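Protein chains: 2
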Amino acid sequence: MNIGQAAKASGVSAKMIRHYESVGLLPPASRSDAGYRQYGDKDVRTLQFIRRSRDLGFSIEEIRGLVGLWQDRTRPSREVKALARQHLDFLDRKLAELQSMKYALAHLVSCCHGDERPDCPILENLAGERT
Amino acid sequence: MNIGQAAKASGVSAKMIRHYESVGLLPPASRSDAGYRQYGDKDVRTLQFIRRSRDLGFSIEEIRGLVGLWQDRTRPSREVKALARQHLDFLDRKLAELQSMKYALAHLVSCCHGDERPDCPILENLAGERT
DNA sequence: CCTTGACCTTCCCACTGTTGGAAGCTCCAT
DNA sequence: ATGGAGCTTCCAACAGTGGGAAGGTCAAGG
Numbered sequence: 012m013n014i015g016q017a018a019k020a021s022g023v024s025a026k027m028i029r030h031y032e033s034v035g036l037l038p039p040a041s042r043s044d045a046g047y048r049q050y051g052d053k054d055v056r057t058l059q060f061i062r063r064s065r066d067l068g069f070s071i072e073e074i075r076g077l078v079g080l081w082q083d084r085t086r087p088s089r090e091v092k093a094l095a096r097q098h099l100d101f102l103d104r105k106l107a108e109l110q111s112m113k114y115a116l117a118h119l120v121s122c123c124h125g126d127e128r129p130d131c132p133i134l135e136n137l138a139g140e141r142t
Numbered sequence: 012m013n014i015g016q017a018a019k020a021s022g023v024s025a026k027m028i029r030h031y032e033s034v035g036l037l038p039p040a041s042r043s044d045a046g047y048r049q050y051g052d053k054d055v056r057t058l059q060f061i062r063r064s065r066d067l068g069f070s071i072e073e074i075r076g077l078v079g080l081w082q083d084r085t086r087p088s089r090e091v092k093a094l095a096r097q098h099l100d101f102l103d104r105k106l107a108e109l110q111s112m113k114y115a116l117a118h119l120v121s122c123c124h125g126d127e128r129p130d131c132p133i134l135e136n137l138a139g140e141r142t
């Protein structure tokens, strides 16, 4: 299977497959006589694992850890759970950050009449004048 | 006022002040005889405006627009509100994305017993096995 | 056999925003 | 005059992804 096929089958772009290989997240793929990367079902499964991990927002480094644990049949699930919890905390912090941005901005937007007049509470707030 | 003073006064690092100038978000600062950038109260107010905008998650390009509108005394507040709404939509999309990640991952974490045993619903899910 | 188009290769660059560092200059106080 | 803090510019890195150029390969069809 060439890289394009593996990309379609896994949902990871060919660009990213090469990138993951270059950063060592994937072992170097075997090559055809012409130098084309060759993939098998096992590789596609690994790529899908990576894609699902990315869909959950895990970083490359975290995924490196997850793949390692995945391939170690004797890992304690405790370790996996710890890694997942850590990422969950990260998501919570990000969510809180975005949510406070959202509420602050939503308030300002609701205060702005949004017509042809130039006075605008949004700009006034950004400029530091208390609204 | 040197760049370090302006940085302290505005809450924007000296590094970032130079960067904002280099990308044209700030006009080139005037220079002392020795080539040091000189800032006044007006510049500090602009920097604070930029910092508050970044605190709300606006991108550099969006801030470029906001600063332009801010400095145009005759802008209709409609335009500011449109820009803000657009960013609000962006925040909503990001929030929804993170939230779905969070719920999916939280579910998996709650399913994993997290002890010394190797079987783990988190890895099984990432591997594509239905849980 | 040759051409064409789709696919592959490597390499470099772009983007988001921010930080760090190196080499060298300036300013101020001791 | 010397040291340290602060300034200058330039270059690189981070994460992750996409775009593109220049060139090799493969299969189909004339």
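Sequences listed follow chains S and C, in order. Per the working numbering, the very first residue in the first sequence carries number 12; after that it's consecutive. Per the working numbering, the very first residue in the second sequence carries number 12; after that it's consecutive. Built from N, CA and C at the ideal position, the CB exists for glycine as well. Since the structure is predicted, the reported quantities are computational estimates derived from the model, not experimental observations.
When the options are compared against residue i, the one with the closest alpha-carbon
i, options, result
"residue 15/S", "34/S, 58/S, 36/S", "58/S"
"residue 36/S", "42/S, 88/S, 28/S", "28/S"
"residue 119/C", "32/S, 85/S, 93/S, 26/S", "93/S"
"residue 91/S", "80/S, 101/S, 84/S, 41/S", "80/S"
"residue 133/C", "117/S, 129/S, 61/S, 139/S", "61/S"
"residue 44/C", "108/C, 13/C, 106/C, 103/C", "13/C"
"residue 103/S", "23/C, 109/C, 136/C, 41/C", "109/C"
"residue 56/C", "20/C, 135/C, 141/C", "20/C"
Residue i to residue j span [Cα, whole Å]
i, j, result
"residue 52/C", "residue 113/S", "30 Å"
"residue 47/S", "residue 39/S", "12 Å"
"residue 54/C", "residue 124/C", "56 Å"
"residue 111/S", "residue 82/S", "39 Å"
"residue 88/S", "residue 97/S", "14 Å"
"residue 30/S", "residue 101/C", "28 Å"
"residue 129/C", "residue 77/S", "13 Å"
"residue 69/S", "residue 99/S", "10 Å"
"residue 131/C", "residue 117/S", "41 Å"
"residue 127/S", "residue 84/C", "12 Å"
"residue 115/S", "residue 66/C", "10 Å"
"residue 41/C", "residue 122/S", "37 Å"
"residue 18/S", "residue 63/S", "14 Å"
"residue 33/S", "residue 49/C", "45 Å"
"residue 140/S", "residue 107/C", "32 Å"
"residue 95/C", "residue 105/C", "15 Å"
Cut-off 8 Å between Cβ atoms - residues of its own chain near residue i, not counting five sequence neighbours on either side
i, result
"residue 72/C", "none"
"residue 138/C", "none"
Bounding residues of the alpha helix (DSSP H) (the contiguous stretch that carries residue i)
i, result
"residue 55/S", "52–66"
"residue 141/C", "That residue, residue 141/C, is in no alpha helix (DSSP H); it is neither H nor E in DSSP."
"residue 32/S", "25–33"
"residue 15/S", "14–21"
Spatial neighbours of residue i in its chain, beta-carbon cut-off 7 Å, leaving aside the 5 residues before and after
i, result
"residue 75/C", "36"
"residue 23/S", "58, 61, 62"
Own chain partners of residue i with C-beta closer than 6 Å, once the 5 adjacent residues on each side are dropped
i, result
"residue 26/S", "none"
"residue 86/C", "80"
Going along the chain, which unbroken runs of the alpha helix (DSSP H) with 4 or more residues stay wholly within the region 68–113 of chain S? 71–82
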